[in-house]
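The block underneath contains the structure these notes are about, expressed in structure tokens.
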């Protein structure tokens, strides 16, 4: 009788042509792949201009290892942004942890390297916990809280380090070599970072907790009414984000060896930018860590490629800025279009 | 339908003399409610009577200050919504609380998704279960689509699917029908009845008496934060309930007085907007109230928005008197003498955080400025007569609009537009979410305005309102005007037939019985 009780007949088997079109459409709609495509294009063009970019001495290695620090930060940032929050303090967390790493090696030169990694993770998690507690219980937007802790952590760093700096000679060779070690031509740091990204991606996609993070960011009030453990989840997101920033600090020490109180300045903005370019909605609820990782790769590669391409300094920054704005505008347009499409589909059924 | 046999038993939910205050404001003085298994219990009362507070106590959003709260025979005291849900209570709020970015399936199972190997979410099992739920509810929704873009009716269905999958023994629905059209309401009722027949208890909050009498077994009336009385629906009448709700006799709910109908004011010709509405031609005369009826989503609001110039249209014309109103310019529309009161007052009609005076003065601001500056005194002076004329109960015009009741907010919006001395008033769902007492006042006001020669185009999903107030009814179905009925020929049957594009005879089939059958099958 009434049309809504009818169930639609099973869809006829797709012809291979329409299946191909669907796959192609999916590719174009997938932000992760779009960013990856731009990245590949950039590498190809830059390599064509100067073959050293990819094939020169450390070209391949640098292409892969330089983004590893930002990869970690972007992965952490994704967790936080998905819950409709943001963590701006990661730049200072990274700097502080990098310095702590150097100090640890100066105090205890024979410290096992894995222990230093654990110390970095734990210290970062502690700083993240402070952020999380302030956001969860202060009822102040995360933007304000973490802007505050960004400055406070940096202040602590300045007070502690002063004009002191850690030099590569202060660090054990076994630790420093981590910054350049490779496994099957792939740098070890990059492998670790990618494993972290994969773990975060797995968690977000396949666990209840991960889906709850999306729900919280999609509509925080509804999540509260729904009885989701909002406070606990948001707190955990900040702790993990801090821990990953701590890990990134250890990476920084291993990669560069020299750490001044300027370490990690402004990198928090790049982490947010990487996530946004990769399709993580700044208002929470959608996006993947894979997109953020692709965004991190793209940002770092742009930084290295544009000078090779002979593009002046000003335009290098402007390109990144335009990418960010473009990504956000694209998100809005796509979301509007999706909404309209869904409404139309509903009206037709 | 099977006769529901009610054996004497202890009620599922029992609230007695429950009290809750927020600071100095007492929201609930003495709330009592007793709901049996296998029954649908209506909870009615004016806005501010304490219904929502009581629901929120049951849902675990608020904690009561004192009083008895028993569920399934034991004393309970929920500290969180999770606790309430865990013990088998599902609450469907007036505004559905879905996560737009997640799939409808994830929305249903959020927090307790089925897990397979290695604690991974088992998506396939989840989709299959969602499909089963939808089939049972008689809807065709793709379980993988996001909740974004669902109609309110479908969002409501998702909420119900949630409740069923929770196997809730008590289901509370706070005004679930406020945004639904006739067919959707019937679908919801069929589902509700089948849930009752399974032995679940339902609490149904509504402002519509026809629904209470159609659906519910018992009814509890509240007034001013306190329990007034409980009746079997079969043993009571609308006037009795209204009297209990307002504590006084309310005059006619639809005080439509005949007005002299004059010259055509609004003339709309062949208005067309691809995919939204087609061939829309109608006129509204001075002193006439024209009701625009139809299902939610039929295109009624879109037509109104196009006439007012908020949205564009592809072809056709809009004229006020003999002046053409240019498309896509609300400014020109206001100048031509059109006033537009949108459906969603809080979002579109009011600056809720501003004072009443500022709101009323906002559309005539141009005329109040002195040397480009606008003073609060000028605003207050301009607003005062309008607020007084409409009996807006606001102690001071300086009060923020957000602190007022829905009925008073609606009056402020109307006042704001009357200040422009319009020729045509377009009003979308004039009494949505407004309590009975104020409803009648808004209706009286509309009738008075028509009496003063203003042409009124009223969009309404409430059939009694359309039939009670309109001199002429235009029925919209799928973007077309499918019927034009005058006051004498407009009946619930003829309007619904035109709104659903079915022959009236087909409609009078016992739809409910049939749908219950399908749902429970």
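Residue numbers (UniProt numbering), protein chains in the order written: chain A, 1 to 349; chain B, 1 to 521. Glycine included, C-beta positions come from ideal geometry on N, C-alpha and C. Small disclaimer: the values here were computed from a predicted structure and weren't measured.
(request) Check the Cβ of residue 493 of chain B against every Cβ in chain A and list those closer than 9 angstroms, keeping chain order. (result) On the second chain, residue 493 of chain B is found 493 positions in, with the first residue counted as 1. Near residue 493 of chain B there are no residues of chain A at all, since even the closest Cβ is about 17 angstroms away, more than 9 angstroms.
(request) With a floor of 3 residues, list each beta strand (DSSP E) that falls wholly inside the stretch 139-178 of chain B, ordered by position along the chain. (result) Within the stretch 139-178 of chain B, the runs of beta strand (DSSP E) that reach at least 3 residues and sit entirely inside it are, in chain order, 170-174.
(message) Counting only Cβ pairs nearer than 8 angstroms, list the residues of chain A close to residue 110 of chain B.
(response) Your numbering for residue 110 of chain B matches position 110 in the second chain. In chain order: 211, 212, 215, 226, 228.
(message) Assuming residue 216 of chain B is part of the alpha helix (DSSP H), what are its boundary residues?
(response) Locating residue 216 of chain B in the second chain gives position 216, counting from the first residue. Where residue 216 of chain B is concerned, there is no enclosing alpha helix (DSSP H), given that its DSSP letter is neither H nor E.
(message) Is there a Cβ of chain B sitting closer than 9 angstroms to that of residue 232 of chain A, yes or no?
(response) Here residue 232 of chain A refers to the residue found at position 232 of the first chain. Answer no: the Cβ-Cβ gap between residue 232 of chain A and chain B never drops below 9 angstroms.
(request) Compare the C-beta of residue 85 of chain B with all C-beta atoms of chain A and state if any pair is closer than 9 angstroms. (result) As a working note, residue 85 of chain B is residue 85 in the second chain. By this cut-off, residue 85 of chain B is an interface position.
(request) Please list the segments of the alpha helix (DSSP H) lying wholly inside the stretch 288-316 of chain A, counting only runs of 4 or more residues, in order along the chain. (result) 289-308
(request) Check the DSSP bridge columns for residue 458 of chain B and list the partner residues they point to. (result) As a first step, residue 458 of chain B is located in the second chain; it is residue number 458 there, counting from the start. B/291, B/427.
(request) For residue 61 of chain B, write down the residues that DSSP places opposite it in a beta bridge. (result) Along the second chain, read from residue 1 onward, the residue named residue 61 of chain B stands at position 61. Within the DSSP bridge table, the entry for residue 61 of chain B names no partner.
(message) Is there a C-beta anywhere in chain B that falls below 9 angstroms from the one on residue 344 of chain A?
(response) Numbered from its first residue, the first chain carries residue 344 of chain A at position 344. Yes - at least one Cβ of chain B is within 9 angstroms of the one on residue 344 of chain A.
(message) With three or more C-beta pairs closer than 8 angstroms as the rule, is the stretch 94-104 of chain A touching the stretch 264-275 of chain A?
(response) yes
(message) Once DSSP output is grouped into helix, strand and coil, what is the label at residue 4 of chain A?
(response) Here residue 4 of chain A is taken as the residue at index 4 of the first chain, counted from 1. The predicted model places residue 4 of chain A with a pLDDT of 41, which falls under 50 and marks its position as unreliable; any figure quoted below should be read in that light. Reduced to three states, the DSSP call for residue 4 of chain A is helix.
(request) Please state whether DSSP places residue 200 of chain B in a helix, a strand or coil. (result) Locating residue 200 of chain B in the second chain gives position 200, where the first residue counts as 1. Reduced to three states, the DSSP call for residue 200 of chain B is coil.
(request) Return the Cβ separation of residue 85 of chain A and residue 234 of chain A in integer angstroms, given the expectation that the two are a contact with Cβ distance under 8 angstroms. (result) Translated into positions along the first chain, residue 85 of chain A becomes position 85. Translated into positions along the first chain, residue 234 of chain A becomes position 234. That belief holds up - the Cβ atoms of residue 85 of chain A and residue 234 of chain A are roughly 6 angstroms apart, short of 8 angstroms.
(message) Using a Cβ distance threshold of 8 angstroms, determine whether the stretch 34-52 of chain A contacts the stretch 300-315 of chain A, with at least three qualifying pairs required.
(response) yes
(request) Output the distance between the C-alpha atoms of residue 98 of chain A and residue 244 of chain A, rounded to the nearest integer angstrom. (result) In the first chain, counting from the first residue as 1, residue 98 of chain A sits at position 98. In the first chain, counting from the first residue as 1, residue 244 of chain A sits at position 244. Cα to Cα, residue 98 of chain A sits roughly 12 angstroms from residue 244 of chain A.
(request) Tell me residue 14 of chain B's beta-bridge partners as DSSP assigns them. (result) Here the question's residue 14 of chain B lines up with position 14 in the second chain. Per DSSP, B/34, B/70.
(request) Output yes or no for whether 9 angstroms exceeds the beta carbon distance between residue 195 of chain A and residue 289 of chain A. (result) Looking up residue 195 of chain A in the first chain gives position 195. Looking up residue 289 of chain A in the first chain gives position 289. Going by C-beta atoms, residue 195 of chain A is not nearer than 9 angstroms to residue 289 of chain A.
(message) Whole angstroms are fine: how far does the CA of residue 301 of chain B sit from the CA of residue 94 of chain B?
(response) Stepping through the second chain from its first residue, residue 94 of chain B is reached at position 94. Stepping through the second chain from its first residue, residue 301 of chain B is reached at position 301. Looking at the two C-alpha atoms, the distance is approximately 21 angstroms.
(request) Decide if the stretch 486-501 of chain B is in contact with the stretch 460-469 of chain B; the criterion is three or more beta carbon pairs, one per stretch, under 8 angstroms apart. (result) yes
(message) Taking CB distances under 9 angstroms as the criterion, tell me whether residue 341 of chain A reaches chain B.
(response) Within the first chain, the letter at position 341 stands for residue 341 of chain A. So, interface residue.
(request) May I have the straight-line CA-CA distance separating residue 429 of chain B from residue 457 of chain B, to the nearest angstrom? (result) Numbered from 1 along the second chain, position 429 holds the residue referred to as residue 429 of chain B. Numbered from 1 along the second chain, position 457 holds the residue referred to as residue 457 of chain B. Using only the alpha carbons, I get a separation of about 11 angstroms.
(request) Name, in chain order, the residues that DSSP records as bridge partners for residue 187 of chain A. (result) Position 187 of the first chain holds residue 187 of chain A. In DSSP, residue 187 of chain A forms a bridge with A/182.
(request) May I ask you to list the residues that DSSP assigns as paired with residue 21 of chain B? (result) The residue you call residue 21 of chain B lines up with position 21 of the second chain. Per DSSP, the beta-bridge partners of residue 21 of chain B are B/26.
(request) Determine the direct distance from the alpha carbon of residue 181 of chain B to that of residue 507 of chain B, and round the result to whole angstroms. (result) Sequence index remark: in the second chain, residue 507 of chain B carries index 507 (1-based). Sequence index remark: in the second chain, residue 181 of chain B carries index 181 (1-based). Here the model assigns residue 507 of chain B a pLDDT of 42, short of 50, so the residue's position is not dependable and the matter cannot be decided.
(message) Using a 10 Å radius around the Cβ and a threshold of 16 neighbouring Cβ atoms, would you call residue 137 of chain A buried or exposed?
(response) Mapped onto the first chain, residue 137 of chain A falls at position 137. Under this definition residue 137 of chain A is an exposed residue.
(message) Taking its Cβ as the centre, do 16 or more other Cβ atoms sit within 10 Å of residue 39 of chain B, making it buried, or is it exposed?
(response) Within the second chain, numbered from 1, the residue matching residue 39 of chain B stands at position 39. Buried, because 16 or more other Cβ atoms sit within 10 Å of the Cβ of residue 39 of chain B.
(request) Please work out which residues of its chain come closer than 8 angstroms, Cβ to Cβ, to residue 67 of chain B, disregarding the five sequence neighbours upstream and downstream, and give them in chain order. (result) Residue mapping note: residue 67 of chain B aligns to position 67 of the second chain, counting from 1. Around residue 67 of chain B: 15, 16, 17, 18, 19, 30, 31.
(message) Please return the same chain residues whose Cβ sits closer than 7 angstroms to the Cβ of residue 3 of chain B, not counting the five positions on each side in sequence.
(response) For the purposes of this step, residue 3 of chain B is identified with residue 3 of the second chain, where counting begins at 1. Here residue 3 of chain B scores only 44 on pLDDT, less than 50, and its place in the model should not be relied on; the value that follows carries that caveat. Result list for residue 3 of chain B: empty, nothing under 7 angstroms.
(message) Strictly under 9 angstroms for the Cβ-Cβ distance: is residue 288 of chain A near chain B by that measure?
(response) Counting from 1 along the first chain, the entry for residue 288 of chain A is found at position 288. Taking Cβ atoms only, chain B never reaches closer than 9 angstroms to residue 288 of chain A, which makes this a no.
(request) Would you check if the stretch 134-150 of chain B and the stretch 104-117 of chain B touch, i.e. whether three or more CB-CB distances between them fall below 8 angstroms? (result) With three or more CB-CB distances shorter than 8 angstroms, the stretch 104-117 of chain B counts as touching the stretch 134-150 of chain B.
(request) List the residues of chain A that residue 82 of chain B touches, going by C-beta distances under 7 angstroms, in chain order. (result) Working through the second chain from its first residue, we reach residue 82 of chain B at position 82. Correct list: 227.
(message) Could you tell me the alpha carbon to alpha carbon distance between residue 338 of chain B and residue 280 of chain B, rounded to whole angstroms?
(response) One-based indexing of the second chain puts residue 338 of chain B at position 338. One-based indexing of the second chain puts residue 280 of chain B at position 280. Approximately 18 angstroms between the Cα atoms of the pair.
(request) Identify which residue in B/122, B/342, B/21, B/213 has its Cα closest to the Cα of residue 235 of chain B. (result) The residue labelled residue 235 of chain B in the question sits at position 235 within the second chain. It is B/213 whose Cα lies nearest to the Cα of residue 235 of chain B.
(request) Confirm, please, whether the CB-CB distance from residue 170 of chain B to residue 201 of chain B is below 9 angstroms. (result) If you number the second chain from 1, residue 201 of chain B lands on position 201. If you number the second chain from 1, residue 170 of chain B lands on position 170. Yes.
(message) Give the list of continuous alpha helix (DSSP H) stretches no shorter than 4 residues that lie fully inside the stretch 67-141 of chain A.
(response) Taking only runs of at least 4 residues, the alpha helix (DSSP H) segments lying wholly in the stretch 67-141 of chain A are 68-82, 90-107, 113-138.
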